[in-house]
Structure formats: C-alpha cells, structure tokens
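The sequence shown begins at 1 in full-length UniProt numbering and counts up by one.
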Amino acid sequence: MTTSKAVEVLPASDQLERWLHAQPWFHGRRRSVTCERVAFLREGDPTLAHVVLASGGRRYQALLGVRQELPERLLHARIGTAGDRQVYEAVYDPDLTAVLLDHFEESTEVAGLRFRATLPPRHTTAPVGRPFPGPQRNCSIVYGQRHVLKFFRELTPGDNPELVLHDALASVDDPHIARPQGALESDLDGVRTTFAVLHEFVPLGALGWPMATASVRDFLAASASDPASAGGDFAAEAHRLGRAVARVHADLRLTLGDHLAGPDDEAEFVAAMHHRLDAALAEVPDLAPFEQGLRTRFDAVLDAAGPIRLQRVHGDLHLGQVLRSPRAWVLVDFEGVPHGTTTERSRPRPAAHDVATVLRSLHYAAAQLLVGADDVTALLPQAARWLDRNRTAFCDGYSEISADLRRDDVLLTAVELDRAVLEVRHEHRFRPEWTVIPLSAIAEVVTGTPMWTA
Numbered sequence: 001m002t003t004s005k006a007v008e009v010l011p012a013s014d015q016l017e018r019w020l021h022a023q024p025w026f027h028g029r030r031r032s033v034t035c036e037r038v039a040f041l042r043e044g045d046p047t048l049a050h051v052v053l054a055s056g057g058r059r060y061q062a063l064l065g066v067r068q069e070l071p072e073r074l075l076h077a078r079i080g081t082a083g084d085r086q087v088y089e090a091v092y093d094p095d096l097t098a099v100l101l102d103h104f105e106e107s108t109e110v111a112g113l114r115f116r117a118t119l120p121p122r123h124t125t126a127p128v129g130r131p132f133p134g135p136q137r138n139c140s141i142v143y144g145q146r147h148v149l150k151f152f153r154e155l156t157p158g159d160n161p162e163l164v165l166h167d168a169l170a171s172v173d174d175p176h177i178a179r180p181q182g183a184l185e186s187d188l189d190g191v192r193t194t195f196a197v198l199h200e201f202v203p204l205g206a207l208g209w210p211m212a213t214a215s216v217r218d219f220l221a222a223s224a225s226d227p228a229s230a231g232g233d234f235a236a237e238a239h240r241l242g243r244a245v246a247r248v249h250a251d252l253r254l255t256l257g258d259h260l261a262g263p264d265d266e267a268e269f270v271a272a273m274h275h276r277l278d279a280a281l282a283e284v285p286d287l288a289p290f291e292q293g294l295r296t297r298f299d300a301v302l303d304a305a306g307p308i309r310l311q312r313v314h315g316d317l318h319l320g321q322v323l324r325s326p327r328a329w330v331l332v333d334f335e336g337v338p339h340g341t342t343t344e345r346s347r348p349r350p351a352a353h354d355v356a357t358v359l360r361s362l363h364y365a366a367a368q369l370l371v372g373a374d375d376v377t378a379l380l381p382q383a384a385r386w387l388d389r390n391r392t393a394f395c396d397g398y399s400e401i402s403a404d405l406r407r408d409d410v411l412l413t414a415v416e417l418d419r420a421v422l423e424v425r426h427e428h429r430f431r432p433e434w435t436v437i438p439l440s441a442i443a444e445v446v447t448g449t450p451m452w453t454a
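Structural data, given as structure tokens:
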C-alpha cells in the first residue's frame, strides 16, 4: 500500500477478496489480493478512493466509496467495513461519480492519476452519473445524455487501443465513432497506461443485435417467402453498416497506416489458425469430421495471389458493438480481442477480420431463434434466406467504399471459419445447446450442407 491512509478505505482482506471473487471480470480465483496504491479523489463523508489491486500476476482498478452510514440505495454495492465505516463500490453513488466528472473538467492530477479532457461547457448542473446496466467486462458510467466514462477493470501497461483508435479516427472526423472527450492515465511499471476513457454519449442509439434479431423474428413469423417483404427488413441497415465499417477501415489506414505481410508473417498467421483448431478439436469431438476441410481452407491463404495487407482494425466487431444513431451507425468498444494483452490487441490484422466477425454475428442473429425450436426443418430455409440477404447487403455496402472485398475471397473464408472454430469451443464450454450454430456454418462451407438438429 502506498499510503498509511489506505487502512481508512480498504475493507478487511477477507471481505475484499470475497467481493472480488464474486466479480465476473476478476481472474484471481483462489489467489491472495494485495493493494499496490491508493489515491484519494475526495475526502470526508463520503470518501472516494481509487485503488490498484494485484492478484495472480494481474492488476485491477476499483473505485471505493466510504461512508459512516450506508443509505439503503447503496446496500447492494457494499463490500465490507474499514474501521467503523462502510466500504462500497463507488460507481453506484451519484455523489461520487460527479466527483470524477469534476476532475475531468478541471484536468487535475491526483497521486499520479492524470485526468485530461476537453469537455463542452455545462449549460445546466452536472448530469447524474450512473453505471450502465447489465454485466460488462469493464464499467461504463453514463452521465445523462452527454458523456460515457469507461473504466477498464483490468489494467495492462500501455495505451489502450480504445484510446488510440478513437483519437486517430477523431483526427479525420470519422462519423462512425463516439467522439473522444478525455482519458484517465497513470504510469504502470514505468509505462504510460490508459485507466479510463471518456466519450460523448450517442443519443437515441439502438444496438445492432436487437435490431437484427427483431428483423429475423418478424420474418420467421410472417407467411412471406422473401425477407424484403417482411415488415422488419434489416437489409438497408446492413448495407449502411457495411459502408460504415469500410469507412472506419479506410480512416484507420489513413491515420495509422498499413503494410503488406511478409512470407513469415503469413505463415505465422495460418499457423495460428491451425493452432486454434487443434485446441478446439481436443475439446469438441463434433468438429472432427470437418478438420481436413478447415485445414485446407486455412492453407489456401498461403496459395492466394498477392500478400495479406495488415492494418489496425476494431478487433472484436459484432452486432453488439454497433449503435444505430439517427445520423449513422456508430462503432463502439475498440479494445480489440477480449482478454488479450495490449500487444495482442494492438496487432495489425487483415480488414477481413472485422468483416468476418460481423458476418458471423449476422449468422447468429439468423439462427438463434432456431435453437431448441420444434420446427427447425421449416424455419431453417427462412433463416437462410434472411442471412443471405443481409450478408449480401453488408458486403455490398462495404464494397462501395472498399473495392478489396470479395465474398469468395479465400482470406475472408478462412478468417470466418477461424472465428466459427473459436465459437464452437466457447459454446461447447458455456452454452452447449448453441454449439450447433457455428458447427452448422462450418458444415455448410466444408460440405455444402448445414448440420442442424432440433
């Protein structure tokens, strides 16, 4: 602990560890927890403290509130006690989340924590900051209709891709991002590190996933055979989304550059796909009939004409990472592949990576209502028609901005299959009944026939 005053805000070790072990973002199961530093962002009653915790070789940050008495509205956030005072997770306390916004507006530095921001002037009192509902890998605090502050639960030294890519895209006025407004930074292991980012709030933004799944539901419920005639046709939005993704890719090339992969890089790229397949085969026997077909399509990348072009991309793009605002599609959460190191998440990739993950997400949207359905045989052709229409619309929209995309491209096929292999492994572990979705996609590419059982 970096200050003797830490004992005033830290609950007993068993209380702190019990709380941490209950958090889905904490990976230090059955490991002890130490506190590396404490910064007091507000003292008094209530107190706001920022802490960096270490466990199992990983670091985490938390915002702790301390009160003499905990009001009923904050009982659910209680962690434990420090002396005779109550300790709780401060993100649920509007009195303390307002303090964070004050620090950004004043661009203060507190105990090595640097708040830097350029915020528009307030026209009213400070908007109330409340955490975004639902489980999240990180914690997002929404301030009215103006700001979103995202705290990265786990800290890794270096600039977070979310900050780097947003700043790059904002420099060329890309219309498909939430405008960056600031960042919280400090040094970790002597390296400047992103602790949090502040973005503008996207007003009236609707997530792509519920929009797409509502469209599927409407079509499956209709008697029409053509998705275009169903009331909730999504194809026009899929087309606009394709254009938005291509524009973001073009702007990332413009601002951060791109380069051609060398032979060794391509060999490593293909070897990594084989390695992920090896790992999935060891866990999921149902993949075995498709092994040779998958390996053939992975190896085809090495025989394709022309080298692979690499650039910075979103890295984890799917329909849950896009918002439809009144003016445009907006891409969010540019952190890259989940659970990777900063280096892994910042690695240049083919633009086909983002295209493939969106196409896989469209497939999930089309197929998710079929899981467990009694009439899969009747519904499957309809779902396939919806998927074909929206895949085509997305790819057509992308191609209007970037002429490099071809639906029969061996690289796109390989990357999409690689993504499906990862999905098979994930679903087998956590949602076995959903494993049929990525397996069906693999079967259709490898054998020409979807594999689906009710």
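The beta carbon of each residue, even a glycine, is placed where N, CA and C say it ideally should be. The structure presented is a predicted model; accordingly, all values stated were derived computationally and were not measured.
Residue environment for residue 275: exposed (fewer than 16 other C-beta atoms within 10 angstroms of its C-beta). Taking C-beta atoms as the reference points, residue 383 and residue 245 fail to come closer than 9 Å. With a cutoff of 9 Å on beta-carbon distance, residue 351 and residue 316 are scored as not near each other.
Fewer than three Cβ pairs drawn from the region 81–96 and the region 31–39 lie within less than 8 Å of each other, which leaves the two stretches out of contact.
Taking the Cα of residue 45 as reference, the smallest distance to any Cα among 312, 158 and 8 is reached at 8. When DSSP states are grouped into helix, strand and coil, residue 329 belongs to the strand group. In this structure residue 87 is in contact with residue 64, their Cβ atoms being roughly 6 Å apart against a cut-off of 8 Å.
When secondary structure is reduced to three states using DSSP, residue 292 falls in the helix class.
9 Å or more divides the Cβ of residue 248 from the Cβ of residue 199.
Taken in chain order, the complete alpha helix (DSSP H) segments of 4 residues or longer contained in the region 91–119 are 94–106. Relative to residue 423, the option among 21, 447 and 283 whose CA is nearest is 283. Taken in chain order, the region 376–439 contains no complete beta strand (DSSP E) segment of 3 residues or longer. One thing to note: residue 143 has its Cβ within 9 Å of the Cβ of residue 97. Of the residues assessed, residue 210 falls on the exposed side of the cut-off, its CB having fewer than 16 other CB atoms within 10 angstroms. The three-state reading of DSSP puts residue 258 in strand, counting E and B together. Looking at 256, 308 and 286, the one whose alpha-carbon comes closest to that of residue 270 is 308.
Where residue 335 is concerned, there is no enclosing beta strand (DSSP E), because DSSP gives it neither an H nor an E. If you look at residue 34, you'll find it in the beta strand (DSSP E) that goes 34–42. By the neighbour-count criterion, in which 16 or more other beta carbons inside 10 Å mark a residue as buried, residue 182 falls on the buried side. Relative to residue 145, the option among 127, 301, 76 and 411 whose CA is nearest is 127. In the structure shown, residue 159 falls within a coil segment according to DSSP collapsed to helix, strand and coil. Within the same chain, Cβ atoms closer than 7 Å to the Cβ of residue 433 are found at 371 and 372, the five residues on either side in sequence being excluded. The beta carbon of residue 28 sits closer than 6 Å to the beta carbons of 55 and 56 from its chain, once the five residues preceding and following it are set aside; these are given in chain order.
When secondary structure is reduced to three states using DSSP, residue 280 falls in the helix class. Look at the beta carbons and you see the region 356–370 touching the region 383–399: at least three pairs across the two are nearer than 8 Å. If you draw a straight line from the Cα of residue 267 to the Cα of residue 321, it comes to about 30 Å.
Beta-bridge partners assigned by DSSP to residue 61: 52. Residue 73: not part of any alpha helix (DSSP H); DSSP gives it neither H nor E. Beta-bridge analysis with DSSP links residue 151 to 139 and 196.
A straight line joining the alpha-carbon of residue 68 with that of residue 193 spans about 33 Å. Note on geometry: alpha-carbon atoms of residue 191 and residue 306 lie some 38 Å from one another. In the structure shown, the three-state DSSP call for residue 349 is strand. According to the DSSP assignment, residue 15 belongs to the alpha helix (DSSP H) that extends over 13–21.
When only Cα atoms are considered, residue 59 and residue 156 end up about 7 Å apart. Counting along the chain, the unbroken beta strand (DSSP E) around residue 183 starts and ends at 180–188. When secondary structure is reduced to three states using DSSP, residue 242 falls in the helix class.
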